[in-house]
Amino acid sequence: MKVLVINCGSSSLKYQLIDSDTEGVLAKGLCERIGGEGEITHQPEGGEKKKEAASMPDHKVAIQLVLNKLLDKEVGVISDLKEIDAVGHRIVHGGEKFASSVVIDDEVLAEVESCNDLAPLHNPANLIGIRACMAVMPGVPMVGVFDTAFHQTMPSKAYLYGIPYEYYEKYKVRRYGFHGTSHDFVSKRVAEILGKDVKDLKIIVCHLGNGASVSAVMNGVSIDTSMGLTPLEGLMMGTRSGDLDPAVVTFLAEKEGISADEVVNILNKKSGVLGLSDGLSNDFRDLQLARAEGNEMAIQALEGYAYRVGKYIGSYVAAMNGVDVIAFTAGAGENNDCVRELIGQYIGYLGTNIDPEKNKVRGEERILSDEGSKVITMVVPTNEELAIARETVRLVK
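Heads up: take any position in the sequence shown, counting from 1, add 95, and you land on the numbering used here.
See the structure below:
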């Protein structure tokens with residue numbers, strides 16, 4: 096089967112066409128600045144990555160541009176749209192309704208729409224992408240894969256907040272967790288690499304990108320994760336504050352003369368390592384270079400980040416009463432040895448024994464800890480698109 100994987104944002108659209116038989120990527124690309132004069136970047140398997148300007152007034156036009164690229168005589172990889180057997184869509188928030196992936200129909204669309212207020216930056220964009228694909232490719236099966244689904248196995252002691260229970264009953268205010276597709280993929284891949292059954296392992300997955308989360312995966316299921324009702328809770332991230340005293344919102348609103356919504360916007364878009372580095376950067380590569388040059392703000396941001404990751408790892412060791420494997424994944428987790436080294440300072444008591452030479456790795460699977468370490472530490476690149484394609488094939492077949 097050929098599966099088109101779509102990850103739709105408010106003004107962007109990532110795509111991959113995957114051959115499910117070989118699990119090879121036939122083509123991939125990105126549409127940016129949807130809503131006006133945008134750009135499309137396209138790369139066929141074995142070919143060059145090319146970027147060009149394109150008018151993209153809406154997502155439907157962007158989807159059509161993607162299909163045109165896939166069909167193009169020079170850079171395309173298919174000769175007919177009928178070769179696309181199914182489309183898999185990343186959907187950020189599925190609430191409590193969806194504990195697994197589903198084939199999308201009108202009822203599913205309505206349920207996803209009902210979660211819009213839980214993920215206002217993500218779900219509406221996901222829905223736009225789904226409807227655009229439905230319009231351009233009528234009759235092709237569409238599958239929704241939810242960021243929140245993997246974490247629906249969390250027990251109530253982990254997902255309920257210490258607030259009046261009526262708010263959970265009335266509005267479903269609780270912790271949901273995100274990056275579930277990545278945490279699921281990486282935890283299963285860890286077991287494959289080690290030649291063990293995932294049901295026999297206690298794994299902590301550290302998904303460390305611009306958005307970041309840590310999860311406790313025990314016997315193959317998520318029992319806790321750092322993100323909450325929204326992706327703002329948990330670790331300090333690229334531009335998100337992560338955990339903080341809720342009273343900070345009203346305190347800053349009063350002091351700055353702004354609304355609570357404006358404060359939350361600051362916490363989402365101007366905080367995290369960007370804020371802590373005094374606006375230097377939200378890119379860990381930039382911060383690593385600045386730290387090497389002795390920049391105090393970069394040092395402060397990276398130390399603060401690593402400290403928080405270390406604390407979450409420790410809390411999840413307690414939650415599972417032990418740990419067998421700690422896996423680093425996503426942008427900084429896979430590629431930034433400095434970030435991993437700093438985090439390593441806080442987890443040595445577990446017997447991780449990270450080898451400095453082994454830690455000098457970017458974007459490839461590797462065991463970092465010395466042979467005989469009590470806890471195995473690994474780098475495992477995530478592949479959310481492949482995970483979405485696998486789920487799509489499973490449901491369509």
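C-beta atoms are modelled at their ideal positions from N, C-alpha and C, and glycine is treated no differently.
Item                                                                                                                              : Value
Contacts around ARG128, its chain only, beta-carbon distance under 8 Å, and the 5 residues preceding and following it disregarded : SER106, SER107, GLU134 and MET151
Buried versus exposed, by CB contacts within 10 Å (16 or more), ILE164                                                            : Checking the displayed sequence, the identity of residue 164 turns out to be Lys instead of Ile. Per the 10 Å Cβ criterion, buried.
Cβ pair count under 8 Å reaching 3, the stretch 244-257 against the stretch 215-222                                               : no
Segment limits, beta strand (DSSP E) that includes ALA311                                                                         : 307-313
Buried/exposed call for ALA205, threshold 16 Cβ in 10 Å                                                                           : exposed
The beta strand (DSSP E) enclosing MET473, as first and last residue numbers                                                      : 471-474
GLU459 versus THR424: straight-line alpha-carbon distance, rounded                                                                : 10 Å
Nearest to GLY467 (by Cα), restricted to the options THR477, ILE449, LYS455 and VAL474                                            : ILE449
LEU330, buried or exposed, once every other Cβ within 10 Å from all chains shown has been counted against 16                      : buried
Cβ shell of LYS294 (< 6 Å), same chain only, five flanking positions each side left out                                           : ASN314 and GLY315
ASN363 beta carbon less than 7 Å from that of LEU327                                                                              : yes
Beta-carbon separation (whole angstroms), VAL238 vs ILE199, contact threshold 8 Å                                                 : 6 Å
Closest Cα partner of ALA244 within the set GLY275, ALA253 and TYR254                                                             : GLY275
Beta-carbon proximity of LEU437 to ALA387, cut-off 7 Å                                                                            : no
Status (buried if at least 16 other CB within 10 Å, exposed otherwise) for VAL343                                                 : exposed
C-beta atoms of VAL285 and VAL418 nearer than 7 Å                                                                                 : no
Cβ neighbours of ALA484 in the same chain (closer than 7 Å, five flanking residues each side left out)                            : VAL98, VAL100, ILE113, SER115 and GLY183
Presumed contact (8 Å Cβ cut-off) between TYR271 and LEU324, rounded CB distance                                                  : 6 Å
Cβ shell of ALA422 (< 6 Å), same chain only, five flanking positions each side left out                                           : VAL281, VAL285, VAL300, MET473 and VAL475
Segment limits, beta strand (DSSP E) that includes MET151                                                                         : 145-151
Boundaries (first-last residue) of the alpha helix (DSSP H) holding GLN383                                                        : 379-387
Pair within 7 Å by beta-carbon distance, VAL84 and LEU347                                                                         : In the structure as shown, the chain starts at 96 and stops at 492, and residue 84 therefore has no counterpart that could be examined.
Whether GLY257 touches GLY426 by CB criterion (7 Å)                                                                               : no
ALA230, buried or exposed, once every other Cβ within 10 Å from all chains shown has been counted against 16                      : exposed
Member of SER195, GLU118, GLY367 and HIS302 whose CA lies at the smallest distance from the CA of ARG185                          : SER195
Beta-carbon gap between MET415 and LYS291 smaller than 7 Å                                                                        : no
MET322 and PHE273 closer than 7 Å at C-beta                                                                                       : yes
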